[in-house]
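For reference, the structure discussed in these notes is given below.
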Amino acid sequence: MRRRRTWMAAALTLLGAVSVVGADELLELPGAAPAGSVVDVDEAVSGAWTCAVGDGRSGSELAVTAARPGADGDEPGTLDLRTFATDGGRAVGVPPVFPGAHVRATPSAGDASAVFGRWSDGPLTLAREWRLEEVDDVPRGTVAGPCHSSLADRWVIPGLSTEGGHEARLRAANPFPTDATIAIGFVTPQGPQEPLALQNLTVPAEGVFELTVNESMPEQADLTAVVRVLSGRAVAEGYQLARSAIGDVDGVSLLGASSTPAETWTVPWVSDREGDTSWLWVVNLGDRPAPVELTLHTPDGGVPPVGLSDVTVAPGQVRRVDLRGTFPEGVTAAAVTARSDGAPIHVSGAVLRSGDGAASTGFAVQLGIPAADDRWVVSGGATADRNERLDVVNPGSEPATFSVALFNGSTVLRPEELAELEVGPGQALSVPLREVLGAVNGWSAFVVASEGEVVVARVGTGGAEALHLVAHPATPSAAWRPNGQAVPATAAHGVVQRLGTAGGIGVAEPLGPDVEEEFEDPSAPVLDSDGDG
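Here numbering that gives the first Met the number 0 is used: the first residue of the sequence shown is 0, the next is one more, and so on.
This is the structure in structure tokens:
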């Protein structure tokens, strides 16, 4: 009898623990313990990437780039790439990717789809570029940025607007074989809101769920979406549309998601040139005010914004920080770092470019970067009639030295002018790529810091017919290295879920027979190094 009571007590204790996890709120839980360690290796031997936003609907083009960071002599990386939508998935065959090179795939898919890729043998980064040209009721623009390499039980997406000609859409992707349940809430300048109709939403197995935010939160200029995964596993992102017919600006931008708050965030590009307007969204999901100190990074070093050295964000609120008129005299482009003292936050930045006509306007939202790194990878699409550059920032207190190697689809380039570049403490440096790359169908840049650490992002503008403004962070090595964190498992009250490890970091054979069979598709096209069939 005593043994039975002991067993029942243990079961009740476990049930109570699961109930507490499932009762997660929209805001931060104070004093939450970090997840446990699961790996202890220098390099991951497998991993996975998920892009929730990007599809092959009529009038658009989707390109997915898998790039292999590493040195000569390293093993090539292998990738199982798959697109999936509400009607199931499709495998896309890709060849091995050698160090310093990339492979581009142009999968076709349905109106609402996502991309999932498992890599093994050698680390790969995965990024998408979704070019919208002639899509009904959608402005011209390009949605670009890296995919997600981790899973989380909550995704925070700053930078949504439903005011005027702006439209925000959220998409949750579930590449796994069991359904997921999510709840969507919002943080406004007045506090959190959780529409009842968005509290129990199903993301089907190997499927997606898309929400037009304007239908739930109309005429809101400053929104942050919080997507909680109640059961199963899902990755959430968004995209923002601006229409010149109402707001004088045409553009489309990725809305990146963060899963973990931090006390420091760097937005690599903000602009104060004529016609440009820049601002930050600072989100505080904690239970105490967040005093935030701002630093502008210029070619001459770090300086506080003129008249705006710090701001305070109340608990459970998002605050827009207007950067107009805060740049030093003679400076029209900079980076900005937001540091919060003891109150973790989420940060994104926006640049809105106006012009004489819709074709010269654009809009870009950049999710901030929480930490500098010594290795970065960034990939882009066709360069004809485009200006592409890297913005490199040193938010630290010591000098940094870095070099840039490029892959143009067929050749590895190591230009002397991009070797051993120095960026001092607090400085920002712009690295133009147009003349080095020439006209190519796709490219990747591999940034390696030999001294110190930096923050890297891509900024690109297009031709005369449409600006196609793009600004997004590169992928740091922290995203493809093991992080020692367990995949969070949550369960809402009354919800049963099946847990597995497919797609996580492993130290044994990454793709077992079941996984290989799941992705096998004899009819899938095989791509060469340029992405051609």
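Note that the Cβ used here is the ideal one computed from N, Cα and C, for glycine as well.
- If you look at residue 183, you'll find it in the beta strand (DSSP E) that goes 179-187.
- Ranked by Cα distance from residue 330, the first of 253, 371, 300 and 170 is 300.
- In the structure shown, residue 173 adopts extended strand secondary structure according to DSSP, grouped into three states.
- Per DSSP, residue 477 is not a residue of any alpha helix (DSSP H), being assigned neither H nor E.
- Unbroken alpha helix (DSSP H) stretches of 4 residues or longer found wholly inside the stretch 233-312: 243-246, given in chain order.
- Collapsing the DSSP output to three states places residue 435 in a helix.
- When the five nearest sequence neighbours on each side are left out, the beta carbons in the same chain lying within less than 7 Å of the beta carbon of residue 397 are those of 424 and 451, in order along the chain.
- Cβ contact annotation for residue 373 (same chain, cutoff 6 Å, sequence separation greater than five): 448 and 452, in chain order.
- Per the DSSP secondary-structure output, residue 386 pairs in a beta bridge with 460.
- In the same chain as residue 179, and ignoring 5 residues on each side of it, the C-beta atoms closer than 7 Å to its own belong to 173, 202, 228, 230, 231, 232 and 233, in chain order.
- Each residue's CA atom was taken as its position, placing residue 62 and residue 144 some 11 Å apart.
- Assigned with DSSP and collapsed to three states, residue 133 falls in coil, not helix or strand.
- Unbroken beta strand (DSSP E) runs of no fewer than 3 residues, entirely contained in the stretch 60-122, are found at 77-84, 87-91, 101-104 and 112-119, following chain order.
- Within the same chain, Cβ atoms closer than 7 Å to the Cβ of residue 70 are found at 98, the five residues on either side in sequence being excluded.
- Taking a cut-off of 8 Å for Cβ pairs, the stretch 148-156 and the stretch 263-270 do not touch, as fewer than three such pairs fall below it.
- When the Cα atoms are used, residue 187 and residue 470 turn out to be separated by approximately 24 Å.
- The Cβ-Cβ distance between residue 251 and residue 431 does not fall below 8 Å.
- DSSP places residue 200 in the strand class (E or B) of the three-state scheme.
- The beta carbon of residue 390 is closer than 7 Å to those of 267, 268, 334, 427, 429, 456 and 458 in its chain, skipping five residues each way along the sequence.
- The C-beta distance from residue 133 to residue 58 rounds to 4 Å, short enough to fall under 8 Å.
- Residue 332 and residue 324 have their C-alpha atoms roughly 12 Å apart.
- Spatial neighbours of residue 309 in its own chain (CB-CB distance under 7 Å, excluding positions within 5 residues in sequence) are listed in chain order as 290, 291, 292 and 293.
- A Cβ-Cβ distance of about 14 Å is found for the pair residue 225 and residue 366, leaving them out of contact under the 8 Å criterion.
- Linking residue 435 to residue 274 through their CA atoms gives a straight-line distance of about 28 Å.
- Annotation for residue 406: the continuous beta strand (DSSP E) segment containing it runs 399-406.
- Residue environment analysis places residue 242 among the buried positions, since at least 16 neighbouring C-beta atoms fall within 10 angstroms of its C-beta.
- DSSP places residue 327 in no beta strand (DSSP E); its state is neither H nor E.
- When the alpha-carbon of residue 256 is set against those of 52, 465 and 461, the nearest one is in 52.
- Taking a cut-off of 8 Å on C-beta distances, the stretch 81-94 does not touch the stretch 351-361, as fewer than three cross pairs fall below it.
- When secondary structure is reduced to three states using DSSP, residue 339 falls in the strand class.
- Setting aside the 5 residues that flank it on each side, residue 476 is surrounded in the same chain by 372 and 374, each with a C-beta closer than 6 Å to its C-beta; the list follows chain order.
- Residue 45 and residue 303 have their C-alpha atoms some 42 Å from each other.
- Just so you know, the alpha carbons of residue 437 and residue 461 end up roughly 14 Å apart.
- Across the structure, residue 307 and residue 327 are spaced so that their CA atoms are roughly 12 Å apart.
- The beta-carbon distance between residue 278 and residue 319, rounded to whole angstroms, is 5 Å. This is short enough to meet the 8 Å contact definition.
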